[in-house]
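Protein chains in written order, with our numbering: chain Y, 1 to 216; chain W, 1001 to 1216. First comes the structure, then the notes that go with it.
There are 2 protein chains.
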Amino acid sequence: MATPSADIAPPPTTRASSQSTGELDHVVAERHQRADARRNREKILAAAEIAFRELGTAVQMEDIARRAEVGVGTLYRHFPTKEHLVAELATHRFSGCISEAEMALATVDVWAAIECFVYRNAEQMATDAGLRDTFMAACQSGGIWVGERDRLNQRLAVLLERAQTDGSVRQDVTLGDVQALMCGLSAAIAGGGDWRRLASVMLAGLHAPPPTPAAP
Amino acid sequence: MATPSADIAPPPTTRASSQSTGELDHVVAERHQRADARRNREKILAAAEIAFRELGTAVQMEDIARRAEVGVGTLYRHFPTKEHLVAELATHRFSGCISEAEMALATVDVWAAIECFVYRNAEQMATDAGLRDTFMAACQSGGIWVGERDRLNQRLAVLLERAQTDGSVRQDVTLGDVQALMCGLSAAIAGGGDWRRLASVMLAGLHAPPPTPAAP
DNA sequence: ACGGAATTGGAACTCCGGTTCCGGTTACGT
DNA sequence: ACGTAACCGGAACCGGAGTTCCAATTCCGT
């Protein structure tokens, strides 16, 4: 959560000062941030969190500012760009997923762990448009937080490998497919289906025996 | 395909004239359209078709105009709004789906028909961003072409009913779920997975025995 | 208590894509 | 061939969302 963006893109702020701090000279110079500033940052983050959950990537900066009872200017003082703010929120969500994936990795019954992982995520997706958008964006390559996504994928890769080894997941699915399926699950849930059933269909599809021979 | 939009929204054109024509007074007065106008309309439609397939809902009017070798003004002469043009294209796609669904309805082996239907659609989605966007938009209620969507859903409902009766599809899935799943499939394919495998996973999930008892 | 650096708010600006407008052009009936 | 209604093109316009700017304000060390 801390220092989520190593260097997204050097904000055009004409920073002529400190070079000794060596980090975090965007987002505000770090050394002794005024108390009210820190307080506002919290308010912004809190408001953004809620708004993002509600509206997803479509949130408007002004909306967030209003909810945080702050001017847009203040918003931009703390986050140089909407992209940065969104990245922060998305990163937060990725962290959640990652720790759940790690929890799954620590479980002996691989398939049960996978089920649990998927159900948990589905449940959250059902009430968090930001999470859905995050997964969608993660698929279409190019987002800012590719790093986070890859960290998650790494976990999933291990999980998938194990599951395929013990035969609980179809041999032919790839990590890419899993990623796409999570993305699809997001869309399906956003599309108004019941998250429980959708997740269960997806899991059944993954669990099922080899591919169907069917052809048009 | 003809007269796709009965009355999307009375374009603000101050039509003070003919009331005897009784139809199609938007899009151009209908009675004796000049030859070059019709020709341009075709060019536009053709260009839009391609552009839509490539870029989906995100196409820009100017882009379409350029591809059609026509000015934006001309574009707007033929389609009062981007929404109208997109609706035309989307409707076209829905028509395709509907006739495939009807083909499925005419098949005796219900499950095979469903498989075929899904695979076909998946294949098209893989190369048609417009189709994907259309399915996505169709889920999030509110689009213009709700009528078309419902016509498709009607077919799917029958198909689902039959399949559940003969036991080839899980009893607990609803029409809404199917719709959401198509939407999810769009997203998953857009997310870069292999359409064949994704479709097969989805089908396996639908086909599989009752839900898994699993729980977090 | 004072001075100045940090911070704030929100009006103003930029950018971008859809939409409108109208002078010039073209097809078609006579 | 001529006149005119239909049609064309694309510059100009408009509104919405992100971003910038700076006078006014607030915190904090001395």
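No residue lacks a Cβ here, since even glycine has one placed at the ideal position from N, Cα and C.
With a floor of 4 residues, list each alpha helix (DSSP H) that falls wholly inside the segment 118-177 of chain Y, ordered by position along the chain. 129-139, 146-165
Could you check which residue in Cys183(Y), Ser99(Y), Ala199(Y), Gly56(Y) has the C-alpha nearest to that of Val118(Y)? Taking the first residue of the first sequence as position 1, residue 118(Y) is located at position 118. Out of Cys183(Y), Ser99(Y), Ala199(Y), Gly56(Y), Ala199(Y) has the C-alpha closest to the C-alpha of Val118(Y).
Where Asp1109(W) falls: helix, strand or coil (DSSP): The sequence position of residue 1109(W) within the second sequence is 109, counting from 1. In this structure, Asp1109(W) counts as coil in the three-state DSSP scheme.
Nearest to Glu1100(W) by alpha carbon, out of Glu1083(W), Glu1088(W), His1078(W), Gln1124(W)? Start at 1 with the first residue of the second sequence, and residue 1100(W) comes out as number 100. Of the candidates Glu1083(W), Glu1088(W), His1078(W), Gln1124(W), the one whose C-alpha sits nearest the C-alpha of Glu1100(W) is Gln1124(W).
Any idea if Asp1177(W) is buried or exposed, counting beta-carbon neighbours within 10 angstroms, 16 or more meaning buried? Indexing the second sequence from 1 puts residue 1177(W) at position 177. Answer is buried; the Cβ neighbour count reaches 16.
What whole-angstrom Cβ distance do Gly1193(W) and Met202(Y) have, given they're in contact under 8 Å? Here residue 1193(W) refers to the residue found at position 193 of the second sequence. Here residue 202(Y) refers to the residue found at position 202 of the first sequence. At roughly 12 Å, the Cβ-Cβ gap does not stay under 8 Å, so Gly1193(W) and Met202(Y) are not in contact.
Would Glu88(Y) be called buried (16 or more neighbouring beta carbons within 10 Å of its own) or exposed? Against the first sequence, residue 88(Y) aligns to sequence position 88. Buried, since its Cβ has 16 or more Cβ neighbours within 10 Å.
Interface partners of Arg93(Y) on chain W, CB under 7 Å: Walking along the first sequence from the start, residue 93(Y) turns up at place 93. Correct list: empty, because the minimum Cβ distance to chain W is about 17 Å.
Closest Cβ-Cβ distance between Gly219(Y) and chain W: below 8 Å? Here chain Y comprises residues numbered 1 to 216, so residue 219(Y) is not present and cannot be evaluated.
Taking Cβ-Cβ distances shorter than 8 Å, what residues in chain Y pair up with Asp1172(W)? For this step, residue 1172(W) is matched to residue 172 along the second sequence. Per Cβ cutoff of 8 Å: Arg197.
Please tell me whether Ser186(Y) has its Cβ less than 8 Å away from any Cβ of chain W. Translated into the one-based positions of the first sequence, residue 186(Y) becomes position 186. With 8 Å as the cut-off, Ser186(Y) counts as an interface residue toward chain W.
With a threshold of 8 Å between beta carbons, is Met1103(W) in contact with chain Y? Counted from its first residue, the second sequence places residue 1103(W) at position 103. So no, Met1103(W) is outside the interface.
Does any C-beta atom of chain Y lie closer than 8 Å to the C-beta of Asp1128(W)? By one-based count along the second sequence, residue 1128(W) stands at place 128. No, its Cβ sits nowhere closer than 8 Å to a Cβ of chain Y.
If you measure beta-carbon to beta-carbon, which residues of the segment 138-163 of chain Y are closer than 8 Å to chain W? Cys139, Gln140, Ser141
Counting only beta-carbon atoms, is Met1202(W) nearer than 8 Å to chain Y? If you number the second sequence from 1, residue 1202(W) lands on position 202. True, the Cβ-Cβ gap to chain Y drops below 8 Å.
Could you check whether Glu102(Y) and Arg155(Y) sit closer than 8 Å to each other, using their CB atoms as the reference points? Your numbering for residue 155(Y) matches position 155 in the first sequence. Your numbering for residue 102(Y) matches position 102 in the first sequence. Yes, they are a contact pair.
Gln1060(W), buried or exposed, once every other Cβ within 10 Å from all chains shown has been counted against 16: For the purposes of this step, residue 1060(W) is taken as the residue at position 60 of the second sequence. Gln1060(W) should be labelled exposed.
Please confirm if the segment 1173-1187 of chain W is in contact with the segment 157-166 of chain Y, defined as three or more CB-CB distances below 8 Å between the two stretches. no
Does the beta carbon of Met1136(W) sit closer than 8 Å to a beta carbon anywhere in chain Y? The residue given as residue 1136(W) occupies position 136 in the second sequence. By this cut-off, Met1136(W) is an interface position.
Collapsed DSSP secondary structure at Glu69(Y) in the structure displayed: Stepping through the first sequence from its first residue, residue 69(Y) is reached at position 69. It is coil, neither helix nor strand.
Neighbour flag for Cys97(Y) against chain W, beta carbons, 8 Å: Here residue 97(Y) refers to the residue found at position 97 when the first sequence is read from its first residue. Output row for Cys97(Y): interface = no.
Do three or more CB pairs link the segment 1125-1145 of chain W to the segment 1064-1074 of chain W at distances below 8 Å? no
Would you say Leu85(Y) faces chain W, with C-beta separation under 8 Å as the test? As a working mapping, residue 85(Y) is identified with position 85 in the first sequence. Judged by the 8 Å Cβ criterion, Leu85(Y) is not in contact with chain W.
State the start and end residues of the unbroken alpha helix (DSSP H) segment that holds Phe1052(W). In the second sequence, the residue the question calls residue 1052(W) occupies position 52. 1035-1055 is the span of the alpha helix (DSSP H), which, as asked, contains Phe1052(W).
Taking the alpha-carbon positions, what's the Val1158(W) to Val173(Y) distance? If you number the second sequence from 1, residue 1158(W) lands on position 158. If you number the first sequence from 1, residue 173(Y) lands on position 173. Cα to Cα, the separation comes out at about 31 Å.
Chain Y beta carbons: is any one of them nearer than 8 Å to that of Asp1194(W)? Here residue 1194(W) is taken as the residue at index 194 of the second sequence, counted from 1. For Asp1194(W), the answer is yes, since a Cβ of chain Y falls inside 8 Å of its Cβ.
When you compare the CB of Gly205(Y) with every CB in chain W, is at least one pair closer than 8 Å? Counting from one through the first sequence, the residue named residue 205(Y) turns up at place 205. With 8 Å as the cut-off, Gly205(Y) counts as an interface residue toward chain W.
Just checking, does the segment 1103-1114 of chain W make contact with the segment 1030-1042 of chain W on the three C-beta pairs under 8 Å criterion? no
So, is the C-beta of Ala1208(W) closer than 8 Å to a C-beta in chain Y? Taking the first residue of the second sequence as 1, we reach residue 1208(W) at position 208. Yes, because at least one Cβ of chain Y sits closer than 8 Å to the Cβ of Ala1208(W).
Cβ of Asp1109(W) less than 8 Å from any chain Y Cβ? By one-based count along the second sequence, residue 1109(W) stands at place 109. No - not a single Cβ of chain Y is within 8 Å of the one on Asp1109(W).
Just checking my contact of Ile1114(W) with Ala1104(W) at CB under 8 Å: how many whole Å lie between their CB atoms? Working through the second sequence from its first residue, we reach residue 1114(W) at position 114. Working through the second sequence from its first residue, we reach residue 1104(W) at position 104. Their Cβ separation, rounded to whole angstroms, is 7 Å, which keeps Ile1114(W) and Ala1104(W) in contact under 8 Å.
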